[in-house]
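In order, the protein sequences belong to chains R and B.
Per our numbering, residue 4 is the first one in the first sequence, and the count goes up by one each step.
Per our numbering, residue 4 is the first one in the second sequence, and the count goes up by one each step.
Here a beta-carbon is modelled for each residue, glycine too, at the ideal position from N, C-alpha and C.
In this text, all values refer to a predicted model and were calculated from it rather than measured experimentally.
2 protein chains.
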Amino acid sequence: MPINQLRQALHDQGLKLTRSRLAVLQVLAATSAHLKVAEVHRRARQIDGRVGLASVYRTMELLARLRLVKHVHVEHRHRHYARIREHHGHHLVCNGCGLVVEFSDCQLERLTRALARRTKFRIEGHCMEFFGQCRECRCRPASNTARGKRKS
Amino acid sequence: MPINQLRQALHDQGLKLTRSRLAVLQVLAATSAHLKVAEVHRRARQIDGRVGLASVYRTMELLARLRLVKHVHVEHRHRHYARIREHHGHHLVCNGCGLVVEFSDCQLERLTRALARRTKFRIEGHCMEFFGQCRECRCRPASNTARGKRKS
DNA sequence: TTCAAGCTGAGAAATATTCTCACTTGAGTC
DNA sequence: GACTCAAGTGAGAATATTTCTCAGCTTGAA
Chain R
4 MPINQLRQAL HDQGLKLTRS RLAVLQVLAA TSAHLKVAEV HRRARQIDGR VGLASVYRTM
64 ELLARLRLVK HVHVEHRHRH YARIREHHGH HLVCNGCGLV VEFSDCQLER LTRALARRTK
124 FRIEGHCMEF FGQCRECRCR PASNTARGKR KS
Chain B
4 MPINQLRQAL HDQGLKLTRS RLAVLQVLAA TSAHLKVAEV HRRARQIDGR VGLASVYRTM
64 ELLARLRLVK HVHVEHRHRH YARIREHHGH HLVCNGCGLV VEFSDCQLER LTRALARRTK
124 FRIEGHCMEF FGQCRECRCR PASNTARGKR KS
């Protein structure tokens with residue numbers, strides 16, 4: 004999302020495009036992997052040394068609300084986020100290097116309808132993620148540092 | 004899973020069926036909702052007052068390894084687990100009362116194959132969950148306490 | 001330039017999870 | 001049933017993440 008479009012999106016909710024938010028966005032724009040909050044913070048500080056950890060938490064939450072970013076349910080102790088580019092995107096995550104590939108043809112409409120009918124639920128959403136090894140990591144199984152990303 | 008079958012499953016890995024594990028299993032057998040660890044602990048103590056929190060954490064992890072239980076990715080601060088009854092079960096979770104309905108016809112084989120081909124990943128697993136409101140909660144939208152389960 | 005929300009950084013506080021360790025218990029064997 | 005010992009336990013300390021607080025700063029509109 005171009006900056007001006009984002010500024011507009013923020014503005015529509017009475018929010019501002021600030022220094023910290025810009026730094027976090029730059030970090031996200033520069034990676035294809037999912038990142039934990041502390042790592043986003045570390046990288047944001049390389050762009051703007053004044054960015055505080057609390058602001059990164061606040062910004063990630065804001066971006067999640069704006070659907071620019073989403074949780075990735077990796078089995079770590081800390082929360083990981085990945086950028087969303089496509090609307091209604093799902094994620095395929097590499098267990099080796101953290102690379103995130105997005106896809107949107109989830110084809111779950113039929114399943115959703117069938118489930119709703121069977122269970123009498125009103126279904127409001129779903130989450131779906133795939134895990135595996137990307138091509139690079141399959142060829143280099145011993146190392147976890149592809150693309151300069153270290154697993155936490 | 005009947006107790007003897009579980010005892011066997013544990014035994015196969017050199018593990019024991021202990022007091023604490025039994026208490027936790029009884030708690031899980033008695034609910035259809037997902038529970039956070041602290042709640043499992045509270046209930047387990049009602050069955051056996053000696054059960055410690057650390058043991059509940061250890062037991063939940065063990066049960067997850069045995070695929071008798073799985074994480075539910077609710078957006079809470081703490082980890083929630085739900086029982087698995089069917090093999091390869093997926094979960095439909097009520098946002099109101101926490102009720103968990105299992106289903107297994109996820110029909111993702113085709114999508115998995117297509118994704119693997121397109122991305123060159125070796126796909127090793129997926130997680131899929133649906134969220135919504137169960138029939139009871141839709142009819143009683145103000146209350147969150149259906150089935151005696153309080154949201155945390 | 002001024003102004004007022006919104007936002008910030010720093011550090012404290014809260015809270016979930018893991019670790020440690022001496023003690024206990026389950027279950028196999030006799 | 002008694003014995004044995006590795007697996008498991010409870011309690012509380014330790015750790016780590018996330019949230020909160022608050023005085024001061026920034027953004028963006030007028």
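(request) Please list, in chain order, all residues of the same chain as Leu102/R whose beta carbon is under 7 Å from its beta carbon, the five residues on each side excluded. (result) Start at 1 with the first residue of the first sequence, and residue 102/R comes out as number 99. Result list for Leu102/R: Ser35, Ala36, Cys137 and Arg150, in chain order.
(message) Which residues does DSSP list as the beta-bridge partners of Val72/R?
(response) As a first step, residue 72/R is located in the first sequence; it is residue number 69 there, counting from the start. In the DSSP assignment, the residues bridged to Val72/R are Arg86/R.
(message) Restricting to Cα atoms, I'd like to know which of Glu132/B, Thr115/B and Thr62/B is closest to Leu118/R.
(response) As a working note, residue 118/R is residue 115 in the first sequence. The option with the nearest alpha carbon to Leu118/R is Glu132/B.
(request) Give the secondary structure of Lys154/B by DSSP, where H, G and I count as helix, E and B as strand, and everything else as coil. (result) The sequence position of residue 154/B within the second sequence is 151, counting from 1. Legend: pLDDT at Lys154/B = 35, less than 50; position of this residue unreliable, value from coordinates given subsequently. Collapsing the DSSP output to three states places Lys154/B in coil.
(message) On the DSSP letters alone, give me the boundaries of the beta strand (DSSP E) that Val77/B sits inside.
(response) In the second sequence, counting from the first residue as 1, residue 77/B sits at position 74. For Val77/B, there is no enclosing beta strand (DSSP E), since its DSSP letter is neither H nor E.
(request) Report yes if the C-beta distance between His83/R and Val75/R is below 7 Å; otherwise report no. (result) Here residue 83/R refers to the residue found at position 80 when the first sequence is read from its first residue. Here residue 75/R refers to the residue found at position 72 when the first sequence is read from its first residue. Less than 7 Å separates the beta-carbon of His83/R from that of Val75/R.
(message) For Arg120/B, report the span of its alpha helix (DSSP H) as first-last.
(response) Against the second sequence, residue 120/B aligns to sequence position 117. Residue range Glu112 to Thr122 is occupied by the alpha helix (DSSP H) that includes Arg120/B.
(request) Using three-state DSSP, classify Arg61/R as helix, strand or coil. (result) By one-based count along the first sequence, residue 61/R stands at place 58. DSSP places Arg61/R in helix when its eight states are reduced to three.
(request) Could you list which residues in chain R have their beta carbon closer than 8 Å to that of Lys123/B, in chain order? (result) In the second sequence, residue 123/B corresponds to position 120, counting from 1. Cys137 and Arg138, listed in chain order.
(request) Give the single residue among Val40/R, Ala57/R and Cys109/R whose Cα lies nearest to the Cα of His93/R. (result) Sequence index remark: in the first sequence, residue 93/R carries index 90 (1-based). Nearest neighbour of His93/R by Cα position, chosen from Val40/R, Ala57/R and Cys109/R, turns out to be Cys109/R.
(message) Let me make sure I understand the geometry here. Which of His81/B, Val77/B and Arg86/B has the alpha-carbon closest to that of Arg70/B?
(response) As a first step, residue 70/B is located in the second sequence; it is residue number 67 there, counting from the start. Closest by alpha carbon: Arg86/B.
(request) Look up Arg53/B in the DSSP assignment and say whether it is helix, strand or coil. (result) By one-based count along the second sequence, residue 53/B stands at place 50. When DSSP states are grouped into helix, strand and coil, Arg53/B belongs to the coil group.
(request) Select from the stretch 74-87 of chain R all residues with a C-beta closer than 7 Å to any C-beta belonging to chain B, and list them in chain order. (result) Result list: His76.
(request) Taking C-beta pairs closer than 8 Å, name the residues in chain R that Leu114/B reaches, listed in chain order. (result) Reading the second sequence from its first residue, position 111 is the one you call residue 114/B. Contacts between Leu114/B and chain R, judged by CB atoms closer than 8 Å, involve Asp108, Cys109 and Gln110 in chain order.
(request) Would you please verify whether the beta carbon of Arg143/B is less than 7 Å from any beta carbon of chain R? (result) The sequence position of residue 143/B within the second sequence is 140, counting from 1. Interface with chain R (7 Å Cβ-Cβ cutoff): Arg143/B is excluded.
(request) Report, in whole angstroms, the separation of the C-beta atoms of Val54/B and Ala26/B, which I expect to be a contact under 8 Å. (result) Taking the first residue of the second sequence as 1, we reach residue 54/B at position 51. Taking the first residue of the second sequence as 1, we reach residue 26/B at position 23. Contact holds; Cβ gap of about 5 Å.
(message) For His129/R, report the span of its beta strand (DSSP E) as first-last.
(response) Numbered from 1 along the first sequence, position 126 holds the residue referred to as residue 129/R. Element bounds for His129/R: Arg125 to Gln136.
(request) From the DSSP output, in three-state form, read off Leu95/B for me. (result) Locating residue 95/B in the second sequence gives position 92, counting from the first residue. Here Leu95/B sits in strand by DSSP.
(message) Relative to the C-alpha of Thr122/R, which candidate in Glu105/B, Val40/B, Arg45/B and Arg113/B has its C-alpha closest?
(response) Translated into positions along the first sequence, residue 122/R becomes position 119. For Thr122/R, the nearest C-alpha among the options comes from Glu105/B.
(message) Against chain R, with Cβ distances strictly below 7 Å, would His44/B count as a contact?
(response) As a working mapping, residue 44/B is identified with position 41 in the second sequence. Output row for His44/B: interface = no.
(message) By the 7 Å beta-carbon criterion, what residues does the stretch 45-68 of chain R contribute toward chain B?
(response) Hits within the stretch: zero.
(message) So that I know if they touch, is there some Cβ in chain B lying closer than 7 Å to that of Gly99/R?
(response) Within the first sequence, numbered from 1, the residue matching residue 99/R stands at position 96. At a cut-off of 7 Å between C-beta atoms, Gly99/R does not count as an interface residue with respect to chain B.
(message) By alpha-carbon positions, which one of Leu56/B, Gln49/B and Glu139/B ends up nearest to Lys39/B?
(response) Indexing the second sequence from 1 puts residue 39/B at position 36. Among Leu56/B, Gln49/B and Glu139/B, the Cα nearest to that of Lys39/B is on Leu56/B.
(request) Could you list which residues in chain B have their beta carbon closer than 9 Å to that of Val30/R, in chain order? (result) By one-based count along the first sequence, residue 30/R stands at place 27. Near Val30/R there are no residues of chain B at all, since even the closest Cβ is about 23 Å away, more than 9 Å.
(message) Can you list, in chain order, the residues of its chain with a C-beta nearer than 7 Å to that of Cys156/R? Leave out the 5 residues immediately preceding and following it.
(response) The structure shown does not extend to residue 156/R, since chain R spans only 4 to 155, so no value can be given for it.
(message) Against His129/B, what residues of chain R qualify as contacts under a CB-to-CB distance less than 8 Å, listed in chain order?
(response) Start at 1 with the first residue of the second sequence, and residue 129/B comes out as number 126. By Cβ distance, chain R contributes Met131, Glu132, Phe133 and Phe134.
(request) Check each candidate in His81/B, Arg120/B, Tyr60/B and Gly128/B and name the one with the smallest Cα separation from Ser163/B. (result) Not covered by the structure: residue 163/B. The range shown for chain B is 4 to 155.
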